[in-house]
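Protein chains: 4
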Amino acid sequence: MAHNVAILGASGYTGAELIRLIAGHPDIHITALGADRKAGLEMSAVFPHLRHMALPRLQKREEMDLASVDLVFCALPHVTSQQVIPTLPSHLKVVDLSADFRLRDPADYETWYGQPHAALDLQKEAVYGLTEFYREDIRAARFVAGTGCNAATGLYSLLPLMDGALIDLEDIILDMKVGVSGAGRALKENLLHAELSEGWHAYATGGKHRHLGEFDQELSKAAGRPVAVHFTPTLVPANRGILSAAYVKGDATAIHSALSQRYAAEKFVEVLPLGEVPSTRHIRGSNLVHIGVSAERGGGRATVHAALDNLTKGSSGQALQNANLMLGLAEDAGLNLTPLFP
Amino acid sequence: MAHNVAILGASGYTGAELIRLIAGHPDIHITALGADRKAGLEMSAVFPHLRHMALPRLQKREEMDLASVDLVFCALPHVTSQQVIPTLPSHLKVVDLSADFRLRDPADYETWYGQPHAALDLQKEAVYGLTEFYREDIRAARFVAGTGCNAATGLYSLLPLMDGALIDLEDIILDMKVGVSGAGRALKENLLHAELSEGWHAYATGGKHRHLGEFDQELSKAAGRPVAVHFTPTLVPANRGILSAAYVKGDATAIHSALSQRYAAEKFVEVLPLGEVPSTRHIRGSNLVHIGVSAERGGGRATVHAALDNLTKGSSGQALQNANLMLGLAEDAGLNLTPLFP
Amino acid sequence: MAHNVAILGASGYTGAELIRLIAGHPDIHITALGADRKAGLEMSAVFPHLRHMALPRLQKREEMDLASVDLVFCALPHVTSQQVIPTLPSHLKVVDLSADFRLRDPADYETWYGQPHAALDLQKEAVYGLTEFYREDIRAARFVAGTGCNAATGLYSLLPLMDGALIDLEDIILDMKVGVSGAGRALKENLLHAELSEGWHAYATGGKHRHLGEFDQELSKAAGRPVAVHFTPTLVPANRGILSAAYVKGDATAIHSALSQRYAAEKFVEVLPLGEVPSTRHIRGSNLVHIGVSAERGGGRATVHAALDNLTKGSSGQALQNANLMLGLAEDAGLNLTPLFP
Amino acid sequence: MAHNVAILGASGYTGAELIRLIAGHPDIHITALGADRKAGLEMSAVFPHLRHMALPRLQKREEMDLASVDLVFCALPHVTSQQVIPTLPSHLKVVDLSADFRLRDPADYETWYGQPHAALDLQKEAVYGLTEFYREDIRAARFVAGTGCNAATGLYSLLPLMDGALIDLEDIILDMKVGVSGAGRALKENLLHAELSEGWHAYATGGKHRHLGEFDQELSKAAGRPVAVHFTPTLVPANRGILSAAYVKGDATAIHSALSQRYAAEKFVEVLPLGEVPSTRHIRGSNLVHIGVSAERGGGRATVHAALDNLTKGSSGQALQNANLMLGLAEDAGLNLTPLFP
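So this is what it looks like as structure tokens:
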């Protein structure tokens, strides 16, 4: 049975990625596309790579007819999301891709985002969208808040290791190498090709990256005690992909075994043989996560490497996976894409 | 009904691209994968981006069991192809992706490839694989020879203009900007990232590019008289895509109209509105061709721009499209992929 | 003897490139740097790659002390240049890098730039800055207008062929592949890394590119009759470089000979052996032009290939070369940089 | 006074980089260039970006006339270096760019390189080429062994912190993001543009990277006790640059202060203000090192970021800096290049 969906914020990269994925979905049909500045345009003008598709014209939120819609994907910018979602009909299922509803504690939100939350009731309702760890909650949810793409990458590496016996919870360093599409389509000087393409640099250093709020929340919850990782992202001159190195103290073999067991039944998460490492080029454009573990010399230390595509498994693929659960569809529908290599 | 296929030369880029496409095909099943140097390896070792798939191990040609196979994709290097294909059981349908069987006249083959052809009977049997122009022949064929990727790009631009009334057949210049994956996985110094990534250059200049043999053959056939284009490719520091500019003398509006009519019913070929130009980023990873026409100032001259993905529509996508026809399947099965952008 | 210079528009790419070149100049000293939006900032904040240098702070034009300055480089945006230069003290030598003073005929300016020129007297005074063709005029000039970077690339290829005997002046096609830094540091969606880096496309097609005004002016002047080329640029996903293919009707050997003779004494222009083609990677970051000629099959047609770095020989290197002449210095001072490869 | 030098291994990237730098050196003249496979060729055939220079033809080692040579740069592959250098006239000064003579202890060499050293006497004589830490030894040396490019990047970050009071010497993690030119011009599948350009991955994980031998040697020597870092490099799809993050336990302000003091008088090493981070794009093509320090949240942890160009400061620039000292020339001669940005 076909389900109708609408996408708010369809003129950004995560909106376009949703459309790409849903194009191959047997049971989901897009009936409305929202945008603000670009309302009134055909999608072919905004994203010419979609020009072969029959898609609704972009509309302002208030013009959209949501009467027959079952689920809304909200790919709006941060802050905008918490303004718009409360205005949606309350029977609608919603998958939000913004950062607005990821943190459960309003105080945490205020700490990391610098302002009070404007939709506290919705915030309470939101289920954190890391599918493999909240699957049953998501299946039952009306409202799911997608994770940060960096957060997802780190959480896949670390969540199964939080029992207190496998690694030293006081000593976790996350070093991520991040492609540029995660920054979206915003007009910023440092995102220009001429600025970016021949160099790389760390950013949001010093414990300032907002995804730390998600790491704190989820890792502490899993550990049953406060866990605070040190996280540094580096912007890499390429478009798609996140590669994370989690430096931990623990036995590599035990860590590899724990990760292998945890993900044995997960279709989209693959743990490589011990000692093999993943590459972003091998998951590009797909909903896959590749995880590898390497032992450091001397013993007692290990590195957990993880790779995913920030636009797919890190945001829009995750969103569709969650929508499938919420709509009672096969969880992998529309998501069985082979990575694009080369 | 499922059809079994084998891929010879599965360790190269076109082999991997076939696997990517067939992964989403409802009616085709891969039962054997051939390779030479890499025989004995799992595909996950040769192409880690395919590691989530259950694929046969790579085998030498002589070890492969082709008993239940309906069709073989031959993605072997040039020259090797004409040695191997004659050894295949003669009831097998074959789609060849090499250059070996594209030219009908043995003398032409010898001119462009510098040696006599080693399988003249097969050469006679081969149908040229430009689907939109040889569809019925391909449907009836046992053996189809895939086109060159540059040849396909130029032929889509020019074949509908060959009636002698639309453009000056004596004055056609083809300038193509070509991504590097077309050169394959060969170990050549000029294909190293450090060599290639920050510069671009023309190659095979001076009428020496072998795809000229295909242009001569197909354009002359369509025109009913000899047509010899001038063709210069430039290697662009990016992986996938061919962008062609065909500089012709003729009326842009009439040319646009002829192209629009010719491709109106073609699912994979889209003619943009007059004056709009295509970009390789908008067809990347898909089986689409985008064609645009621009009028030059002063009138009397026009440029026909065409873009396709050399690994998809330019080789493996075309091969699958042809295989679908040869097997009596829906022509677009497995080929409805949305381009990957960004 | 040291000469003092100021740079207006120092926060853009051509401004930074001037500083890079002058850093190695024995006789030129930068005493003032102008900017508008970024006035008040240190250059290290605007261009951290210059942080090791002792440079003046950025100032608004009206704050700059030009008393001891001998020459001003004006790297302002188009239109701004014609507003600012008339306000400079009239004894100052000026090298303008904008498009404002390249066209001698006010009607041509209005045609290509869509508005009347605001500084007609200065326009009359301006010497066109293509050094190798206006050397003596430049040496004597107070005011030099730098050429367009595409214009320079094409003119190096074509100007020595304009005598009417070597090539058919009615049939010249210029196809250029252009790096992205030529578009400057402007915040435009299509210049973002995520938009640009994996694709390429033609732009300003249909005889609309403004550098056509320069081609018309200079080629017609050299030929002594109207010459109108057809020019299509393609934006390549890389930062520096222009590669031009000029498709002409004429004898390749004669063309090669004419170019070789014309540039035999020119230090920065090198004509490669007949049949060899240039690459942008081999002139990157230098003031060099590489020119190659290839014969097309069948005879009677040839391609003149030229490569230069748009930021160096195409703008700031040319500007410094001209300033050297205007100040009575060695023409190559500060310009003997070896290309950066890889 | 001019000094004559020869370069062995001139057909590789470090050889070409030496030529680029020496081209701007007032007192060094290249009289002979050695190569093996490419002996007999002109440099313009091997490196067309050097075609404007008058350079000696490539010769086999045994054909080279070293009679008038003062110093030899040896840019040969590892292992070859220890075979060739002992055959050179013993009065010649030598700067080796290979890995063969970096480790003082023959047992260490055997551990990291898997075979006994073939030139133990020379090994004893070699001075480790990290200029800022061995300046006086280098000035007096006949034979200097250049450092690894990753080793240099990490040592600049860490050597001034080894006194035992500033950071926890048991807990140092080095995560480096490395451009591809460091892998040289070798024909390896994983260095092809099509393989590399759209993804990134860690390599030599698990304490296997050979530069660990250098880290162990130099950090332990500076600390006066064994220090073993954990080091993971990630290959980034870009040509030049190394960006290192050293994760340490210690006070960021004290660390920043120690680094600032240590490098205050060093021309090529710049410590950024506390909290600012370097980028490879800002040192590209130059001999500069940029170092930044960021405090991690919670206190007690800091990250030392360092960026340098692997081909310049990481190898050939360092080699020339050392040669300048060995020849009694100004240490910075030929090395005052401004980074190339964009």
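Chains as they are written, first to last, in our numbering: chain A, 3 to 344; chain B, 3 to 344; chain C, 3 to 344; chain D, 3 to 344.
The beta-carbon is built from N, C-alpha and C at its ideal position, and this holds for glycine as well.
- Each residue's CA atom was taken as its position, placing C:P50 and D:H284 some 6 angstroms apart.
- Per DSSP, reduced to three states, the secondary structure at C:Y205 is coil, with no helix or strand assignment.
- According to the DSSP assignment, A:R22 belongs to no beta strand (DSSP E) but to the alpha helix (DSSP H) extending over 15-24.
- Residues of chain D with a Cβ closer than 8 angstroms to the Cβ of A:A41 do not exist; the shortest Cβ-Cβ separation is about 33 angstroms.
- By the Cβ-count criterion, B:D72 is buried, with 16 or more other Cβ atoms from all chains shown falling within 10 Å of its own Cβ.
- For C:T340, the nearest beta carbon of chain D is closer than 8 angstroms to its own beta carbon.
- If you draw a 10 Å sphere on the C-beta of B:P91, you find fewer than 16 other C-beta atoms in it, and that means exposed.
- In this chain, the alpha helix (DSSP H) harbouring C:T255 covers 254-265.
- Take B:L327, set aside five residues on each side of it, and the residues of its chain with a beta-carbon closer than 8 angstroms to its own are T133, R137, I140, R141, E333, in chain order.
- Cβ contact annotation for B:T234 (same chain, cutoff 6 angstroms, sequence separation greater than five): D177, A204, T207, in chain order.
- Residue state for C:Q85 is assigned as helix, using DSSP reduced to three classes.
- For the region 170-185 of chain D, the beta-carbon criterion of a distance under 7 angstroms to any beta-carbon of chain B is satisfied by V182, S183.
- With contact defined as three or more Cβ pairs closer than 8 angstroms, the region 179-194 of chain B and the region 254-272 of chain C are not in contact.
- DSSP places C:M328 within a helical segment (H, G or I) once states are collapsed to three.
- At a C-beta separation below 7 angstroms, B:T234 has these neighbours in chain C: A247, T305.
- Here the alpha carbon of B:Q125 sits roughly 22 angstroms from the alpha carbon of B:G226.
- Closer than 8 angstroms to the CB of B:N312 there is not a single CB belonging to chain A.
- C:I30: not part of any alpha helix (DSSP H); member of the beta strand (DSSP E) spanning 30-36, first to last residue.
- Fully enclosed beta strand (DSSP E) runs of no fewer than 3 residues occupy 145-147 of the region 139-169 of chain D, in order along the chain.
- Within its own chain, no residue has a Cβ closer than 7 angstroms to the Cβ of D:A196 once the five positions on either side in sequence are excluded.
- Taking a contact as a CB-CB distance under 8 angstroms, the pair D:G148 and D:V97 counts as one, their CB atoms being some 6 angstroms apart.
- Rounded to the nearest whole angstrom, the CA to CA distance from D:E298 to A:L60 is 44 angstroms.
- The DSSP-derived three-state label of C:P108 is helix.
- For D:F217, the enclosing alpha helix (DSSP H) covers residues 213-225.
- If you draw a 10 Å sphere on the C-beta of A:Q85, you find fewer than 16 other C-beta atoms in it, and that means exposed.
- The DSSP-derived three-state label of B:V306 is strand.
- Contact residues of the region 194-206 of chain D toward chain A are L194, H195, A196, E197, L198, S199, E200, G201, W202, H203, A204, Y205 (C-beta to C-beta distance below 9 angstroms).
- The straight-line gap separating the alpha-carbon atoms of D:A260 and D:P162 is approximately 7 angstroms.
- Take the alpha-carbon of B:E272 and the one of B:V250: they are about 20 angstroms apart.
- The alpha carbon of B:E44 has as its nearest neighbour, out of B:A224, B:I32, B:T33, B:L57, the alpha carbon of B:L57.
- Chain-order list of chain A residues neighbouring B:H284: F49, P50, H51, L52, R53, by C-beta distance under 9 angstroms.
- Its chain contains V231, V250 as the residues whose beta carbon lies nearer than 6 angstroms to that of C:I174, once the 5 sequence neighbours on both sides are disregarded; these appear in chain order.
- With its beta carbon at least 8 angstroms from every one in chain C, D:L261 lies outside the interface.
- D:L337 places its beta carbon less than 8 angstroms from that of D:L322.
- D:S246 is the residue among D:D253, D:S246, D:L274, D:T255 whose C-alpha sits nearest the C-alpha of D:G316.
- According to the DSSP secondary-structure assignment, B:M178 is paired through a beta bridge with B:P235, B:S246.
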